[in-house]
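**Student:** Right, I'll just put the structure down here and ask away after.
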Amino acid sequence: MEINEHLSLIQMNEIPVVVMKHTTGEAKIALQGAQLLSWQPAGAAQDVFWLSEIEPFKAGQAIRGGIPICYPWFGPRFQPSHGTARLRLWQLSDYQIDTDKVMLEFSLFDEQGIIEAKVRMRFAETCQITFTHYGQDSAQAALHSYFRVADIAHTEVQNLPEQCFNQLTERVQNVPSPRIIDREVDCIYHLEQADSQIVDQRWQRKISIRHQQAGEIVLWNPWQKSTSSMSEEGHKSMLCVETARLSRPLQFGESIGVEIAFNTF
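Residue numbering for the sequence shown follows our numbering, beginning at -18 and increasing consecutively.
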């Protein structure tokens, strides 16, 4: 279904998806979770984001890839893990299309029609995502970004702190920076610098990540651990660098955001 000349609505199995095609690039956003699935800027040879090639796109089931929104909690502290927002249908509530940028806004409402949260996406030379919390109670939030890489063995993450909380061992540990991934990693860093970079040597590209109003960065790759909706080789082509507010939850009207830039070298 065509919304206008740049936006359309398609069905990916059981999931309705907004498709954007514009001079700045192309994107896909699932209405379940207001989840950005794909962004390929104009001139880019590959998508910036990783999406599982075996994702079944089943309604009510978390989508593996893109940028899931973990809200109103992070992790398995309650069920479902990482909150309910990524499993619920959002509404495309506003959009604005100009020659040099596209703005899309998605809203989440409760059963009484009261707004709980908004996500604003801005596509131009960069991709900027801003999540705003409108619930009465404080809430955790994370933009669980899955970035696509050519080969995890030839990729490093720059500008991370040299200490993190390792969720696998449940202890604080010192780690190298830049960080190279050669095993399962699930670490929470306290934000020290607003910018992180993924350097992908095989594709000769750098993905710059600016964490906005964040408190933590989460670094995750499951390695060979069996993970739902991910193939045995899936871990070799992805890396999660997540923008989060965990120890300092969002209050009513507060936002968290990420701005992503793509460069070749």
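Quick reminder that beta carbons are idealized off the backbone N, C-alpha and C, glycines included.
Quick check on R69: does DSSP put it in helix, strand or coil?
**Tutor:** In the structure shown, R69 sits in coil (DSSP, three-state: anything other than H, G, I, E or B).
**Student:** Report yes if the C-beta distance between P310 and E97 is below 9 angstroms; otherwise report no.
**Tutor:** Since the first residue shown for the chain is -18 and the last is 246, residue 310 is missing from the structure and cannot be characterised.
**Student:** If contact is defined by three or more beta carbon pairs under 8 angstroms, each pair taking one atom from either stretch, is the stretch 120 to 132 in contact with the stretch 25 to 36?
**Tutor:** yes
**Student:** Report buried or exposed for L(-12), applying the criterion of at least 16 other Cβ atoms within 10 angstroms of its Cβ.
**Tutor:** Under this definition L(-12) is a buried residue.
**Student:** What are the start and end residues of the beta strand (DSSP E) that includes M250?
**Tutor:** Coverage of the chain is limited to positions -18 through 246, which leaves residue 250 absent and any answer about it impossible.
**Student:** Going by C-alpha distance, which of G6, M84, L73 is nearest L(-10)?
**Tutor:** L73
**Student:** So, is V13 buried or exposed, given that buried needs 16 or more other C-beta atoms within 10 angstroms?
**Tutor:** The question names Val, but residue 13 is Gln in the sequence shown. Q13 is buried by the Cβ-count criterion.
**Student:** Kindly list the residues whose CB is nearer than 8 angstroms to the CB of E7, restricted to its own chain and excluding five residues on each side of it in sequence; keep chain order.
**Tutor:** These residues qualify, in order along the chain: V0, M1, S19, W20, Q21.
**Student:** Have a look at S177, G41, I237 and flag the residue whose alpha-carbon is nearest the alpha-carbon of A120.
**Tutor:** I237
**Student:** Identify the continuous beta strand (DSSP E) that holds D181 and give its terminal residues.
**Tutor:** 176 to 181
**Student:** Mind checking which residues open and close the beta strand (DSSP E) that includes E223?
**Tutor:** 219 to 231
**Student:** What's the call for L85, buried or exposed, on a 16-neighbour Cβ count within 10 Å?
**Tutor:** buried
**Student:** According to DSSP, is H135 part of a helix, a strand, or is it coil?
**Tutor:** helix
**Student:** So is S177 buried or exposed if we call it buried at 16+ other beta carbons inside 10 Å?
**Tutor:** buried
**Student:** Does DSSP put H192 in a helix, in a strand, or in coil?
**Tutor:** strand
**Student:** Could you please give me the residues that DSSP links to F146 through a beta bridge?
**Tutor:** V153, I169
**Student:** Is H125 helix, strand or coil by DSSP?
**Tutor:** Coil.
**Student:** Classify G24 as helix, strand or coil using the three-state DSSP reduction.
**Tutor:** In the displayed model, G24 falls within coil according to three-state DSSP, outside both helix and strand.
**Student:** Could you spell out the range, first to last residue, of the beta strand (DSSP E) harbouring P(-3)?
**Tutor:** -4 to 3
**Student:** T136: buried (16+ other C-beta within 10 angstroms of its C-beta) or exposed?
**Tutor:** buried
**Student:** With a floor of 3 residues, list each beta strand (DSSP E) that falls wholly inside the stretch 81 to 105, ordered by position along the chain.
**Tutor:** Counting whole runs of 3 or more residues, the stretch 81 to 105 contains the beta strand (DSSP E) stretches 83 to 90, 96 to 104.
**Student:** Where do the N-terminal and C-terminal ends of the beta strand (DSSP E) with S(-11) fall, by residue?
**Tutor:** -12 to -7 is the extent of the beta strand (DSSP E) around S(-11).
**Student:** If the criterion is Cβ atoms closer than 9 angstroms, does the pair F233 and G116 meet it?
**Tutor:** yes
**Student:** F243 lies in the beta strand (DSSP E); which residues open and close that run?
**Tutor:** From DSSP, the beta strand (DSSP E) with F243 extends over 236 to 245.
**Student:** Taking contact to mean at least 3 C-beta pairs separated by less than 8 angstroms, is the stretch 208 to 225 in contact with the stretch 39 to 56?
**Tutor:** Result yes; three or more Cβ-Cβ pairs closer than 8 angstroms.
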